[in-house]
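Numbering (the numbering used here), first residue to last: 214 to 698.
All residues carry an ideal CB built from backbone N, CA and C; glycine is no exception.
The structure appears right after this line, and notes come after that.
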Amino acid sequence: MVLDKKVYNELEGVVGQKYISQKKTTCYAYSNDWCAVEPPGKPDAVCMPANTEEIQAIMRIAWKNKVNVIPWVCNLTTAGMCNAYHGGLIIDLRRMNKVEEINTDALYAVVEGGLTWADFKREMVKRAPGYVGAYTYSPPASGVVTGYLLCGMMDIGLAHGDGSYYLNGLEAVMPNGELVRLGSHMISPYWGSRAPVIDLTGLFVGWAGTTGIVTKAGIKIYKEPAYQEAFYVDADTVEHGYPNQMNIAKQQIACDIASNNWAWGRVECGEKMPFYREKGEAELQSWVVLQAASEKLMDAKIEILKKICAEDKNIVITPEKEGLPTLPPGNQLQYFHDLPMQLTNDMDGNRGGIGQWVGCYVPAFLQAELYRIAEKIYEKRGYVEPDHPIMQYNRVMENGHETILRFNVFQHKDASEKEKEKDRALLKEIGEAEVKLGAVIYKPTYWASRVNMENADPNTVKLIKTIKDAIDPYRIMNRGQIGGI
Ligand SMILES: Cc1cc2nc3c(=O)[nH]c(=O)nc-3n(C[C@H](O)[C@H](O)[C@H](O)COP(=O)(O)OP(=O)(O)OC[C@H]3O[C@@H](n4cnc5c(N)ncnc54)[C@H](O)[C@@H]3O)c2cc1C
């Protein structure tokens, strides 16, 4: 694990003096996920390659010298998944931000591994009007391919699935510098699908940069639907709210269902803590988005949606057109239909700007139970009204086959280490409770990846080790992530 002067000079020979640095200030800027309460890492150097060939050359040097390498797009998972806890070389991929091709006949785009949501949106609007990709609420500067590789939550995720569903195939540089092509692109010059070949795309999905560096991806795009309508669907309790979401999801009429609990809803509406829950204030506040190719189809979908909601007297449904104007001017919900958006501007709840969450994929029928367990943990640790009540977000994906539930914490930007430690302890206890109940933590931070792995089937962990031994025997890829395997 050495990044000495000789290695540095070799790397400089690849990317050029301008695109590599060991300066203290640069390394500091790359040391942390500045949204999160996790401790910073300590990178030895940062470089910005221009293309796949440069990445291959960098990996050959890293392999030869056993240098830890961390692929990096923005380090904004709010989990510090690029924090260099074992030192090493950060590879900032954002010079590789091109949309190489947009194919509206076969409905895919070919994009580079460092593409950000802002880049993607610009290119789609310019080059493929009337077509859209799947977006997250994550900051415009964060990554498209990373969002998909990490099984993120997308604005059309209810209709089409989590982020990994939008990957048709990948081009990737392996730890030894070899280039591979996965999905149908392993045989075809095109980027049609992951079928019908041996699907090795999974070698990069959920691996947190520990198997190699994705340099290109074929991603799905869609014809923009002619009609879109959104509804706010409030439930008095989560016990009524989650089942109602599932009743809607099962009808396959919507493209997105997500929710905030009352407190996170207030923060997203621009309200600052401290605040109290008002009597009768809905505990779970969902939004449901419908899309249709014709007015008639839209009317039919709205009728079904209203009928489902009417079956439970604890549910109140309001068209967004009526609900939005009643929200405070600082609300973020007004931007939900023009993604990407800069949610971080107002994620602080009056705490100056940092926050973190621990989220999980959880079977739908366990969501309410998990919410109550988390609520008790918040209360036990003193996170209560009016200063910091439980904050929840959930999303239903793939027509109800996938549900995620997430719990947030906020902190002052200049919080002391003691305050951050208190937040981490809260998140850790919730994360452990999630897994104990049968859920799996997504985008796991360093400690959370250990919670996942400690509870994983031992033979599967053995298989993961075997794969790592085969492709990354020196453990040079984002060392320490995926439970330290
Ligand atoms: C305010 C806010 C809102 C958010 N909302 C959402 C949301 O609605 N839905 C959602 O899904 N997410 C959301 N996120 C999470 C987040 O933005 C995503 O996780 C993000 O897209 C990925 O972050 P990144 O691009 O910064 O990746 P990074 O943190 O840079 O990388 C993530 C991981 O992938 C690895 N990696 C990076 N590039 C490559 C590569 N080319 N090949 C292989 N491995 C690689 C890294 O080493 C790391 O382990 C939100 C985040 C914030 C701060």
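Practice item. Pull up the CB-CB distance for proline 599 and tyrosine 489, whole angstroms please, since I reckon it's below 8 Å. Key: The residue labelled residue 599 in the question sits at position 386 within the sequence shown. The residue labelled residue 489 in the question sits at position 276 within the sequence shown. Rounded, the Cβ-Cβ distance is 5 Å, consistent with contact.
Practice item. Report whether the distance from the Cβ of methionine 294 to the nearest heavy atom of ligand 1 is below 7 Å. Key: For this step, residue 294 is matched to residue 81 along the sequence shown. Correct: methionine 294 has its Cβ closer than 7 Å to ligand 1.
Review point. In the DSSP assignment, what are the bridge partners of asparagine 607?
Key: Numbered from 1 along the sequence shown, position 394 holds the residue referred to as residue 607. Beta-bridge pairing links asparagine 607 to Ser472 and Leu618.
Check your understanding: How is glutamine 569 classed by DSSP in three states: helix, strand or coil?
Key -> Numbered from 1 along the sequence shown, position 356 holds the residue referred to as residue 569. Reduced to three states, the DSSP call for glutamine 569 is strand.
Check your understanding: By how many angstroms is the C-alpha of serine 401 removed from the C-alpha of glycine 568?
Key -> Looking up residue 568 in the sequence shown gives position 355. Looking up residue 401 in the sequence shown gives position 188. Straight-line spacing of the CA atoms in glycine 568 and serine 401 works out to 44 Å.
**Study point:** DSSP three-state assignment for proline 284, whether helix, strand or coil
**Key:** As a working mapping, residue 284 is identified with position 71 in the sequence shown. The answer is strand: DSSP assigns proline 284 an E or B state.
**Study point:** Endpoints, the alpha helix (DSSP H) within which phenylalanine 417 is located
**Key:** One-based indexing of the sequence shown puts residue 417 at position 204. Segment: none, phenylalanine 417 is in no alpha helix (DSSP H) and carries neither H nor E.
Check your understanding: Is threonine 291 closer than 8 Å to aspartate 257 when the C-beta atoms are compared?
Key -> Your numbering for residue 257 matches position 44 in the sequence shown. Your numbering for residue 291 matches position 78 in the sequence shown. No, the pair does not count as a contact, with Cβ atoms beyond the cut-off.
Review point. Can you give the Cα-Cα distance for glycine 346 and tyrosine 435, rounded to whole angstroms?
Key: Here residue 346 corresponds to residue number 133 of the sequence shown, with the count starting at 1. Here residue 435 corresponds to residue number 222 of the sequence shown, with the count starting at 1. Those two C-alpha atoms are separated by around 6 Å.
Review point. Can cysteine 468 be considered in contact with ligand 1, in the sense that its beta carbon sits closer than 7 Å to one or more heavy atoms?
Key: In the sequence shown, counting from the first residue as 1, residue 468 sits at position 255. Distance from the C-beta of cysteine 468 to the nearest heavy atom of ligand 1 is not below 7 Å.
Check your understanding: What number of angstroms, rounded off, separates the C-alpha of threonine 450 from the C-alpha of alanine 443?
Key -> Looking up residue 450 in the sequence shown gives position 237. Looking up residue 443 in the sequence shown gives position 230. Each residue's Cα considered, the two are about 21 Å apart.
Practice item. List the whole-angstrom C-beta distance separating isoleucine 271 from proline 262, where the pair is believed to meet the contact cut-off of C-beta under 8 Å. Key: As a first step, residue 271 must be located in the sequence shown, where it is residue number 58. As a first step, residue 262 must be located in the sequence shown, where it is residue number 49. Right, their Cβ atoms sit about 6 Å apart.
Review point. Do the region 603 to 610 and the region 467 to 474 touch if we need at least three Cβ pairs shorter than 8 Å?
Key: Output reads yes: the region 467 to 474 touches the region 603 to 610.
Check your understanding: Taking only runs of the beta strand (DSSP E) that begin and end inside the region 499 to 570, which ones reach a length of at least 3 residues, in chain order?
Key -> Qualifying beta strand (DSSP E) stretches, in chain order: 528 to 532.
Check your understanding: Looking only at C-alpha atoms, which of Tyr455, Ser234, Ala249 and Pro553 sits nearest to valine 622?
Key -> On the sequence shown, position 409 is the one that residue 622 refers to. By alpha-carbon distance to valine 622, the top candidate from Tyr455, Ser234, Ala249 and Pro553 is Ala249.
Exercise for review: Taking only the alpha-carbon atoms, compute the straight-line gap between leucine 363 and tyrosine 378 and give it to the nearest angstrom.
Suggested key: By 1-based counting over the sequence shown, the position of residue 363 is 150. By 1-based counting over the sequence shown, the position of residue 378 is 165. Taking the straight line from one Cα to the other gives about 11 Å.
Point to revise | Closest Cα partner of glycine 293 within the set Glu325, Asn278, Lys255 and Val220 | key: Mapped onto the sequence shown, residue 293 falls at position 80. Checked all of Glu325, Asn278, Lys255 and Val220; the closest Cα to glycine 293 is Lys255.
Exercise for review: For phenylalanine 620, count neighbouring Cβ atoms within 10 angstroms of its own Cβ and tell me buried if that reaches 16, exposed if not.
Suggested key: As a first step, residue 620 is located in the sequence shown; it is residue number 407 there, counting from the start. When all chains shown are included, phenylalanine 620 counts as buried.
Check your understanding: Across which residues does DSSP place asparagine 612 in a beta bridge pair?
Key -> Indexing the sequence shown from 1 puts residue 612 at position 399. The partner list for asparagine 612 (beta bridge, DSSP) is empty, contrary to what the question assumes.
Review point. Are there three or more Cβ pairs, one per stretch, closer than 8 Å when the region 452 to 466 is compared with the region 511 to 529?
Key: Yes, since at least three Cβ pairs between the region 452 to 466 and the region 511 to 529 fall closer than 8 Å, the two stretches touch.
**Study point:** Proximity test, tryptophan 285 beta-carbon vs ligand 1 heavy atom, cut-off 7 Å
**Key:** Within the sequence shown, residue 285 is the residue found at index 72, counting from 1. Answer for tryptophan 285: yes, Cβ within range of ligand 1.
Practice item. Assess, as a yes-or-no matter, whether the region 634 to 648 is touched by the region 231 to 239 under the definition of 3 or more beta carbon pairs within less than 8 Å. Key: No, because fewer than three Cβ pairs between the region 231 to 239 and the region 634 to 648 fall closer than 8 Å, the two stretches do not touch.
Exercise for review: Can you give me the start and stop residues for the alpha helix (DSSP H) that aspartate 375 sits inside?
Suggested key: Stepping through the sequence shown from its first residue, residue 375 is reached at position 162. Per DSSP, aspartate 375 lies in no alpha helix (DSSP H) and is assigned neither H nor E.
Review point. I think cysteine 260 touches leucine 302, with their Cβ atoms under 8 Å apart; what is that distance to the nearest whole Å?
Key: The residue labelled residue 260 in the question sits at position 47 within the sequence shown. The residue labelled residue 302 in the question sits at position 89 within the sequence shown. For a cut-off of 8 Å, the C-beta gap from cysteine 260 to leucine 302 is around 6 Å, short enough to register as a contact.
Check your understanding: What is the residue span of the alpha helix (DSSP H) that tyrosine 454 lies within?
Key -> Here residue 454 corresponds to residue number 241 of the sequence shown, with the count starting at 1. As written in the sequence, residue 454 is glycine, which differs from the tyrosine given in the question. Unbroken alpha helix (DSSP H) run through glycine 454: 451 to 463.
Point to revise | Burial state of threonine 329, where buried means 16 or more other Cβ atoms lie within 10 Å | key: Residue numbering aside, residue 329 sits at position 116 when the sequence shown is read from its first letter. Burial call: buried.
Review point. Say the cut is 7 Å; is the CB of alanine 513 nearer than that to a heavy atom of ligand 1?
Key: Position 300 of the sequence shown, counted from the start, is the residue given in the question as residue 513. Within 7 Å of the C-beta of alanine 513 there is not a single heavy atom belonging to ligand 1.
Check your understanding: In three-state DSSP terms, what is cysteine 248?
Key -> By one-based count along the sequence shown, residue 248 stands at place 35. In this structure, DSSP gives cysteine 248 a state outside helix and strand, which the three-state scheme calls coil.
Practice item. Return the chain-ordered list of same chain residues with a C-beta closer than 6 Å to the C-beta of tyrosine 243, the five sequence neighbours on each side being excluded. Key: Within the sequence shown, the letter at position 30 stands for residue 243. Annotation for tyrosine 243: Pro256, Val259 and Ile303 place their beta carbon closer than 6 Å to its own, counting only its chain and skipping 5 residues before and after.
Check your understanding: Where do the ends of the alpha helix (DSSP H) carrying threonine 679 lie?
Key -> If you number the sequence shown from 1, residue 679 lands on position 466. Here the alpha helix (DSSP H) through threonine 679 covers 671 to 684.
Practice item. Decide if the region 401 to 414 is in contact with the region 310 to 325; the criterion is three or more beta carbon pairs, one per stretch, under 8 Å apart. Key: By the Cβ test, the region 401 to 414 is in contact with the region 310 to 325, since at least three Cβ pairs between them sit closer than 8 Å.
Practice item. Can you give me the start and stop residues for the alpha helix (DSSP H) that glycine 644 sits inside? Key: In the sequence shown, the residue the question calls residue 644 occupies position 431. Glycine 644 -> alpha helix (DSSP H) spans 630 to 650.
Review point. What residues in its chain sit with their C-beta under 7 Å from that of isoleucine 643, if we drop five residues either side in the sequence?
Key: The count along the sequence shown starts at 1 and reaches residue 643 at position 430. Contacts found: Val571, Ala587, Ile590 and Phe620.
Review point. So glycine 454 and leucine 497 are in contact, right, with Cβ under 8 Å, and what is the actual spacing, rounded?
Key: As a position in the sequence shown, residue 454 is number 241, starting the count at 1. As a position in the sequence shown, residue 497 is number 284, starting the count at 1. The beta-carbon separation of glycine 454 and leucine 497, rounded to 3 Å, stays under the 8 Å limit for a contact.
Review point. Thinking just about the alpha-carbon of each residue, which of Glu251, Asp217, Pro253 and Glu267 is nearest to the one in tyrosine 156?
Key: The structure shown does not extend to residue 156, since the chain spans only 214 to 698, so no value can be given for it.
Review point. Cβ of tyrosine 403 within 7 Å of any heavy atom in ligand 2?
Key: The model on display carries ligand 1 but not ligand 2.
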